[in-house]
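Below: one structure, written as structure tokens.
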Amino acid sequence: MSVTTHPKVSTHPEPQPDGFAFTEAHWEEAKQHLAKYPADHQASAVLPLLWIAQRQIGGYLTTGAIEYVANVLGMAPIRVHEVAHFYSMFNHKPVGQYFVQVCRTTPCWLRGADDLARTVQDKLGVPSGEVTADGLFSWRHVECLGACCNAPMVQINDWYYEDLTPESLAQLLDDLRAGREVQIGSQIGRHGSEPAGGARTLTEVGEAGHPDYPFGGGAEVEPEVVRQMREAAAAGGEGGGQ
Ligand code: FES
């Protein structure tokens, strides 16, 4: 079966009445996503195309942008509006240069999400959904962002900041405002989702080929289980050959 991988829209679409159209660079990026899907399944690219549109506008989607994407994909505009309004990753009004999303779902809530939200509101001086006068910040609550192990956490633009306290979050906001370098991920130095204080199991994995873990470093060291199997096979082979 032959599959057409080229988008059925091969020329740069016309701008919407509000003037929205992908820039040439964004259109090239969009075409890479369109090319992943057969001509009769272009709607599968709706999320990445909306994401590109949001990035181009500067953090939110306009009606024109949503309907432009619908036009590119050959979808009914209402279907694209439904997608764009379902996912919290899409905004529908301007956001700050730093867009702070405070997770408030159960693990983060149990670990102090309410205190983080109060900290953000106090520091920024604007309620959820509003942009600070200098345009630098806005914030909102969101549901689980999938980093519950390191709760409580916030997302700021494309990055996660985890293991937060009101104090460390306040410092983080100050640092961003001042243009200082900040630490993404865990704010207590936790590696990945390891227990606070460091790993307590498999601590020898990768260290000179631990004999019980054949996939660790040091593949030159024969795992114990492999040695036993080899010796058993050799013993069986000798017996069977007699
Ligand atoms: S509950 Fe906050 S990341 Fe899952």
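Heads up: the sequence shown is residues 731 to 972, going by my numbering.
Cβ coordinates follow ideal geometry from the N, Cα and C atoms, glycine included.
By Cβ distance, which residues of its chain are closer than 6 Å to Lys766, with the 5 residues on each side in sequence left out?
Counting only Cβ-Cβ distances below 6 Å, and skipping sequence neighbours, we find nothing.
Distance CB(Cys833)-CB(Leu875) smaller than 8 Å
Yes, the Cβ-Cβ distance between Cys833 and Leu875 is below 8 Å.
Reduced DSSP secondary structure (H/G/I, E/B, other) of Glu911
Residue state for Glu911 is assigned as coil, using DSSP reduced to three classes.
Output the distance between the C-alpha atoms of Val884 and Gln827, rounded to the nearest integer angstrom.
For Val884 and Gln827, the distance between alpha carbons rounds to 15 Å.
Please say whether Ala773 and Ile796 have beta carbons closer to each other than 8 Å?
No, they are not a contact pair.
As a quick exercise: from Arg907, Ile914, Thr836 and Tyr790, pick the residue whose alpha carbon is nearest that of Asp864.
Taking each of Arg907, Ile914, Thr836 and Tyr790 in turn and checking the Cα distance to Asp864, the smallest one comes out for Arg907.
Do Leu803 and Ala775 come within 8 Å of each other at the CB atom, strictly closer than that value?
Cβ distance < 8 Å, so Ala775 and Leu803 count as in contact.
Given a cut-off of 8 Å, decide if Leu846 and Leu777 are closer than it, judged by their beta-carbon atoms.
Against a cut-off of 8 Å, the Cβ pair of Leu846 and Leu777 comes out as no contact.
Run the CB neighbour count on Leu840, radius 10 Å, all protein chains shown included, and call it buried at 16 or more, exposed below.
The residue in question, Leu840, is exposed, as its Cβ has fewer than 16 Cβ neighbours within 10 Å.
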